[in-house]
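Trainee: My numbering applies: residue 3 is where the sequence shown begins, and numbers increase by one.
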Amino acid sequence: MPQRYLIEGDPYHCQCYKTSRLIGEALQLTEDQMMTTFQSRFGREEWLQPYTDETLKALPSEGVTSVQVVCPGFSADCLETIEEIGMENRDYFLEAGGTRYEYIPCLNAEPGHVAALTDLLADQMQGWLTNEYDPAMSDRLARSLGAPQ
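#1: Taking three-plus beta-carbon pairs below 8 Å as touching, is the segment 70-82 in contact with the segment 102-114?
#2: Buried or exposed: VAL116, going by 16 or more other Cβ atoms within 10 Å of its Cβ?
#3: Just how far apart, CA to CA, sit THR39 and LEU123?
#4: Can you list, in chain order, the residues of its chain with a C-beta nearer than 8 Å to that of ILE87? Leave out the 5 residues immediately preceding and following it.
#5: Rounded to whole angstroms, how far is the Cβ of GLY100 from the Cβ of LEU61, which I believe are closer than 8 Å?
#6: Under 7 Å Cβ to Cβ from THR83, same chain only, skipping five residues before and after it: list those, please.
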């Protein structure tokens, strides 16, 4: 996302770093064994950094020849992760002298992941939906939206 969004208060940047920190803690990694980078950028604005592609190109010259990459911002692999992270960025890393690149897939449609999402949605949607239909409420809503009567 553009750097401007962070400056304007969007929490995405902080959420990414917190997620990375929590994953690192769960895997018992030290700070020098992991990093957070940002993949997508287009247009003229400056985007969040460090950029994934530039980082992967530089790592072999810093002595890092093996990486494992995870994209916790996605709940399922999409073309962006498969093509950009799984293939394009792998090629950058290997061409720069890396020897081992592993993309760790998203949780995708694994039964446990689907069950966890279902539970999360059920918890968060408590009280959102009711089985009761209130015609008076529908009429008030329609009037407030300027719908013809």
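Glycine residues also receive a C-beta, built at the ideal position from the N, C-alpha and C atoms. Source: prediction; values computed, not measured.
Mentor: So, from the data block:
#1: Segments in contact, yes.
#2: Taking the first residue of the sequence shown as position 1, residue 116 is located at position 114. Exposed, by the Cβ-count rule.
#3: By 1-based counting over the sequence shown, the position of residue 39 is 37. By 1-based counting over the sequence shown, the position of residue 123 is 121. Looking at the two C-alpha atoms, the distance is approximately 29 Å.
#4: Taking the sequence shown and counting its residues from 1, the one referred to as residue 87 is at position 85. Cβ neighbours of ILE87 within its own chain (closer than 8 Å, five residues either side excluded): GLN41, THR54, VAL71, CYS73, TYR105.
#5: Within the sequence shown, residue 100 is the residue found at index 98, counting from 1. Within the sequence shown, residue 61 is the residue found at index 59, counting from 1. Correct: roughly 7 Å between the Cβ atoms.
#6: Looking up residue 83 in the sequence shown gives position 81. CYS73, PHE76, CYS108.
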